[in-house]
Amino acid sequence: MTHPLIVPMAAHVAWAAFLYVVLTAARAPAVWGVGRRADGSNPWSKLEPRISANLSNQFEWPLFFHVACVLLIITRDIGPVPQGLAWLFVVGRVLHSAVQIPIANVRLRGVVFTVNFLAVLALWAVVVARALGV
1 MTHPLIVPMA AHVAWAAFLY VVLTAARAPA VWGVGRRADG SNPWSKLEPR
51 ISANLSNQFE WPLFFHVACV LLIITRDIGP VPQGLAWLFV VGRVLHSAVQ
101 IPIANVRLRG VVFTVNFLAV LALWAVVVAR ALGV
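The opening residue of the sequence shown carries number 1 in the UniProt record's numbering; numbering runs sequentially from there.
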């Protein structure tokens, strides 16, 4: 039986892979000349740095998400709270991308990031509580 935290972890990995595909497509006009405008410019030039920054973000705070999940998987003691927090984190990462890439609203991005941040902190609280036998 698949551990319930594997699926949200895999969903985050799939999201990061998707962002790599999107970044490759956004860079294609500049790198390979595919999709250039008639004047030779890249139609994605404004979004490419945002996509790249968002992809980098997938390897910063999410590291703590994956470590917490692995620790919870090792304990084999899982309940609905960690599962819900894991999915909240994944949905938050997708929303973070949806805000950071096309909208670039820093205030809204901060709110969405806070959801991700708190979900991971709560996962770590579960890890520590279980380690202490609380």
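No residue lacks a Cβ here, since even glycine has one placed at the ideal position from N, Cα and C.
Check                                                                                                                                                   : Outcome
Please name the residue in Ser-45, Gly-40, Val-99 whose C-alpha comes closest to that of Thr-24.                                                        : Ser-45
Counting beta carbon pairs with one atom in the stretch 56 to 71 and one in the stretch 4 to 18, are three or more of them shorter than 8 Å?            : yes
How far does the alpha helix (DSSP H) with Phe-59 in it extend, from its first residue to its last?                                                     : Note, Phe-59: premise wrong, no alpha helix (DSSP H); not H, not E.
Using 10 angstroms around the beta-carbon of Pro-29, count the other beta-carbons present and answer buried if the total reaches 16, otherwise exposed. : buried
Do you know offhand how far Asn-42's Cα is from Val-115's?                                                                                              : 34 Å
Tell me the DSSP secondary structure of Arg-93 in three-state form.                                                                                     : helix
Would you report the Cα separation of Leu-72 and Trp-61, rounded to the nearest angstrom?                                                               : 17 Å
So Leu-47 packs on Ala-17, CB below 8 Å; how close in whole Å?                                                                                          : Incorrect: roughly 18 Å between the Cβ atoms, too far for contact.
Restricting to Cα atoms, I'd like to know which of Leu-95, Val-120, Ile-103 is closest to Val-112.                                                      : Leu-95
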